[in-house]
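**Q**
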Amino acid sequence: MAAAGSRHSSSVQGISFWCTCPEIWHFRDRTLNRIAQERLYGWTAPRSLGIRSMLTLLVLFPLVSCQVALTVMTLIWGPPAAAPLLPYELTRVILLSAAAVAAPWLLKPSMRAPLFPLIVALCLMSIVPLFSPHHVFLAIVNALGRPELMGVVIGALGVGGLMGMLVVRGIMTRTAEQLSLAKGSTQWGNAHALKKPTKGLLLGKMGADYLRYDGDGHLLTVAATRSGKGVGTVIPNLLNYEGSMLVTDPKGENYAVTAAWRRDYLGQKIVALDPFRLVETCDTKVASLNPMDFIDLDGEDYVETAMMLADMMIGRGRQIEESHWRMEAKGLLLSFILYVAEREEFKDERHLIKVRSLLTQDSEGTDQTLRTMKKSGLPQVKEGACRIEQKADRERSGVFSTAQSHTHFLSSPRMQHVLTSTSCDLEDLRRGKMTGYIILPREYLSTFAPWLRLMISSCYYACTRGATKKSRPEQRVVFLLDEFANLGYMRNIKEAVSLGGGYGLTMWLILQDLAQLRREYHSEWESFLANCDVIQAFAIQDPFTSQKIVQLLGEMSIWQRRLNKGDKHQFGRLRAGYEEGSRPLLKPDELRRLHPARQLLFVRPYQPVAADKFVYYKDLLTASRAQPNPFIGQ
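What follows is the structure, given as structure tokens:
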């Protein structure tokens with residue numbers, strides 16, 4: 002932005018993308034402000050100096066320069082042998098009063114450039130009596146041929162000339178033509194709203210200031226793989242946020258670094274759902290969670306709970322419409338889940354592993370199970386058995402095959418250890434006393450994604466069940482879901498982003514790129530962008546995500562210089578003119594060249610912010626709280 006009124010907030014941060022030392026970014030920004038202005042955002046605003054402004058400059062420059070120079074010489078040599086223009090006491094009162102009247106206007110950013118040097122000059126001139134400016138010329142004449150005096154005169158004139166130029170430059174800056182913003186009103190934000198909170202979720206830093214979000218909205222982080230999402234987003238918040246959290250932990254890194262601090266200093270219960278025992282030690286026992294424990298046949302929502310479990314296991318295909326086979330497989334799975342939950346003979350096997358065993362019986366066992374289901378007291382179980390018996394053999398086989406293929410993960414002995422019982426109270430999430438780590442090696446993410454969906458959905462269900470009859474948590478429960486798009490389609494999380502804020506829940510979804518989100522959620526993916534109050538982006542490389550982020554940044558108005566060839570009276574010389582234009586705040590190629598230590602923050606309803614990324618082991622706030630990281634050394 003070239004206009005003086007917005008230069009302090011837009012172009013100051015423009016050059017900072019290419020700075021490499023965080024400690025001097027803000028000083029370097031100011032020093033290279035004008036270079037960045039012309040490099041990124043067009044040309045400096047043209048001046049609109051009228052006759053009054055010109056006369057003011059012609060009078061102020063010599064007057065201020067001479068009086069400041071005379072003040073310096075008076076301080077060194079003493080007052081000249083002449084009477085002052087006014088009594089010293091009166092002069093001092095007038096000058097200091099003028100400075101005091103002008104000082105409050107410094108609060109207005111557009112007035113700082115012209116007024117600050119003028120106030121300094123007034124205060125400087127108030128130190129000594131005010132003499133006629135012609136004494137400066139007398140001092141020059143007296144110093145001719147006398148080097149010891151000429152040095153003082155030259156120095157005083159230099160100080161006076163510098164002060165006069167600062168005053169003139171400030172006035173010229175004030176008279177720069179203002180952009181209409183008709184071409185675009187985006188400019189870089191100053192992050193004041195993120196600097197104020199002392200608690201909340203850590204987003205990054207700006208210089209020495211921490212940027213935090215303490216609102217009720219949801220968050221979305223988009224960053225390429227191995228770009229610092231763990232060390233800059235996940236771990237810092239686990240070491241800082243005092244409320245309950247649920248975090249997906251693909252490597253066990255988050256648990257290794259943060260669990261001790263959250264347990265010992267925050268007093269939270271630590272739950273590690275870790276079927277592959279990546280973090281099991283003598284002090285840590287792997288927790289288990291049986292989702293079928295949420296099915297209460299005496300309640301009113303047992304069908305909805307069973308439907309949620311079936312939906313998380315079957316998921317949704319790549320096609321926009323769910324296929325017939327998936328829909329029928331969900332119905333079959335619903336009936337079998339309720340059948341196992343109802344039967345007294347299964348009271349010690351009331352879990353999904355038993356459901357899987359019933360689905361994979363031989364034909365005789367399956368027929369016997371269906372006959373028993375038709376006698377069930379639950380209409381949904383009876384209905385499911387009748388529907389499957391009505392189908393032709395080929396269709397029936399296809400439905401069973403679909404249900405079996407989506408429950409293969411239940412055949413793993415590791416799943417049997419963590420799904421057959423419940424060793425934790427998920428109500429502690431609402432009470433603000435629990436941190437849950439869902440740990441699964443990255444190489445098994447696609448195979449066991451249904452288990453991840455089941456665990457996340459169960460925790461979400463525990464936080465929202467009966468929420469209208471309970472008070473909201475004192476601190477919001479944060480679901481920090483890394484590799485979110487790789488979990489597959491999760492209908493309840495999509496709904497939570499729209500509605501979960503009212504339950505005291507905050508969803509923080511972490512992706513590698515927006516193309517992943519579009520692949521899993523098809524036409525619904527943009528609702529995540531629309532309903533997240535904070536979008537964090539860095540290390541963006543893929544073209545689709547770059548285009549979307551550039552659209553979020555928006556367009557800004559700039560000055561464009563045009564060269565016109567003069568007519569014959571001007572001898573055909575080129576003449577420079579200016580006109581308003583627009584450009585994206587960042588172009589896609591500039592976005593992809595964003596410095597690795599920098600990030601973009603979109604916080605509703607403020608202007609976008611360019612900030613420093615957080616690195617937990619380099620910051621005093623979090624480094625002392627962290628345990629050694631087995632993946633990056635000490």
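For the sequence shown, the positions run 2 to 635 when the working numbering is used.
C-beta atoms are modelled at their ideal positions from N, C-alpha and C, and glycine is treated no differently.
No experiment lies behind these values; they were computed from the predicted model shown.
Looking only at its own chain, which residues have a Cβ that is under 7 Å from the Cβ of Asp-297, when we skip the five neighbours before and after it?
**A** These residues qualify, in order along the chain: Tyr-303.
**Q** Could you tell me the distance, in whole angstroms, from the CA atom of Ala-450 to the CA atom of Thr-546?
**A** Whole-angstrom Cα-Cα distance: 24 Å.
**Q** Which two residues bound the contiguous beta strand (DSSP E) that contains Leu-481?
**A** Here the beta strand (DSSP E) through Leu-481 covers 478-482.
**Q** Who does Arg-599 pair with in a DSSP beta bridge?
**A** Bridge partners of Arg-599: Asp-613.
**Q** Spell out a yes or no on whether the region 236-246 and the region 550-560 are touching, meaning 3 or more CB-CB pairs, one atom from each, closer than 8 Å.
**A** Touching, no, given that fewer than three Cβ pairs across the two stretches are closer than 8 Å.
**Q** What first and last residue would you give for the alpha helix (DSSP H) that runs through Asp-368?
**A** From DSSP, the alpha helix (DSSP H) with Asp-368 extends over 364-374.
**Q** Beta carbon of Cys-464, beta carbon of Leu-500: below 8 Å?
**A** No; because the gap between Cβ atoms is not below 8 Å, this pair is not in contact.
**Q** Nearest to Gly-332 by CA position, among Gly-316, Trp-189, Leu-515, Ser-528, is which residue?
**A** Among Gly-316, Trp-189, Leu-515, Ser-528, the Cα nearest to that of Gly-332 belongs to Gly-316.
**Q** What does the alpha-carbon distance come out to for the pair Ile-271 and Tyr-438?
**A** Rounded to whole angstroms, Ile-271 to Tyr-438 spans 8 Å at the Cα level.
**Q** Got a sec? Which residues, its chain only, sit under 6 Å from Thr-623 by beta carbon, not counting five neighbours each side?
**A** Result list for Thr-623: Pro-237, Leu-240, Tyr-617, in chain order.
**Q** DSSP three-state label for Phe-347, please.
**A** Helix, per DSSP.
**Q** In angstroms with no decimal places, state the Cα-to-Cα distance between Met-491 and Ser-406.
**A** Distance between the alpha carbons of Met-491 and Ser-406: 19 Å.
**Q** Classify Lys-230: buried if its beta carbon has 16 or more other beta carbons within 10 angstroms, exposed otherwise.
**A** Label assigned to Lys-230: buried.
**Q** Run through DSSP, which three-state label would His-219 get?
**A** In this structure, His-219 counts as strand in the three-state DSSP scheme.
**Q** If we ignore side chains and look at the alpha-carbon of each, how far apart do Ala-99 and Leu-71 end up?
**A** Approximately 20 Å between the Cα atoms of the pair.
**Q** Measure the Cβ-Cβ separation of Val-160 and Ile-77 and say whether it is below 8 Å.
**A** Not closer than 8 Å, so no.
**Q** Count the other CB atoms, across all protein chains shown, that sit within 10 Å of the CB of Gln-369; report buried if there are 16 or more and exposed otherwise.
**A** It is exposed - the Cβ of Gln-369 has fewer than 16 other Cβ atoms within 10 Å.
**Q** Which value, in whole angstroms, describes the spacing of the CA atoms of Arg-263 and Leu-530?
**A** Rounded to the nearest angstrom, the two C-alpha atoms are 31 Å apart.
**Q** Considering only DSSP beta bridges, list what Cys-67 is partnered with.
**A** Looking at the DSSP assignment, Cys-67 forms no beta bridge with any residue, so it has no partner.
**Q** Please report the distance separating the alpha-carbon of Asp-620 from that of Ala-538.
**A** Between Asp-620 and Ala-538, the C-alpha separation is close to 21 Å.
**Q** Whose C-alpha, out of Leu-553, Ala-540, Gly-171, Asn-630, is nearest the C-alpha of Leu-595?
**A** Here the closest residue by C-alpha is Ala-540.
**Q** Rounded to whole angstroms, what's the CA-CA distance from Val-1 to Arg-520? Just pull it up for me.
**A** As displayed, the chain neither begins before 2 nor continues past 635, which places residue 1 out of reach and without an answer.
**Q** Considering only residues of the same chain and omitting the five flanking positions on each side of Thr-408, which have a CB-CB separation below 7 Å?
**A** Same-chain partners within the cutoff: Met-314, Arg-357, Leu-360.
**Q** With 16 other CB atoms within 10 Å as the buried threshold, where does Gln-391 fall?
**A** Gln-391 comes out exposed.
**Q** Take the Cβ of Ala-288 as the centre, count every other Cβ of all protein chains shown within 10 Å, and call the residue buried at 16 or more, exposed below.
**A** Classification for Ala-288: buried.
**Q** Who are Glu-591's beta bridge partners in DSSP?
**A** Partner(s): none; Glu-591 has no beta bridge.
**Q** Alpha carbon to alpha carbon, how far is Ser-458 from Trp-26? Give it in angstroms, no decimals.
**A** Any answer about Trp-26 is weak, because its pLDDT of 44 lies below 50 and its placement is not dependable; what the coordinates show is given next. If I take the Cα positions, the gap works out to 43 Å.
**Q** In the DSSP assignment, find the beta strand (DSSP E) that holds Trp-509 and state where it starts and stops.
**A** Counting along the chain, the beta strand (DSSP E) containing Trp-509 begins and ends at 506-512.
**Q** Looking only at its own chain, which residues have a Cβ that is under 6 Å from the Cβ of Ser-424, when we skip the five neighbours before and after it?
**A** Taken in chain order, the residues that qualify are Ala-288, Ser-289.
**Q** When the Cα of Met-328 is compared with those of Arg-397, Glu-149, Tyr-340, which residue comes out closest?
**A** Considering only alpha carbons, the answer is Arg-397.
**Q** So what does DSSP say about Gln-542, is it helix, strand or coil?
**A** Looking at Gln-542 - three-state DSSP - the assignment turns out to be coil, as it is neither helix nor strand.
**Q** What runs of the alpha helix (DSSP H), each 4 residues or longer, lie entirely inside the region 251-280?
**A** As far as the region 251-280 is concerned, its whole alpha helix (DSSP H) runs of at least 4 residues are 254-265.
**Q** Once the 5 residues before and after Ala-194 are set aside, which same chain residues still bring their CB inside 8 Å of it?
**A** Excluding sequence neighbours, Ala-194 sits near Val-604, Tyr-607.
**Q** Identify the continuous beta strand (DSSP E) that holds Thr-436 and give its terminal residues.
**A** Residues 435-440.
**Q** Assign Thr-199 to one of two classes, buried (16 or more other C-beta atoms within 10 Å of its C-beta) or exposed (fewer than that).
**A** Thr-199 should be labelled exposed.
**Q** DSSP on Trp-526, reduced to helix/strand/coil?
**A** Three-state result, Trp-526: coil.
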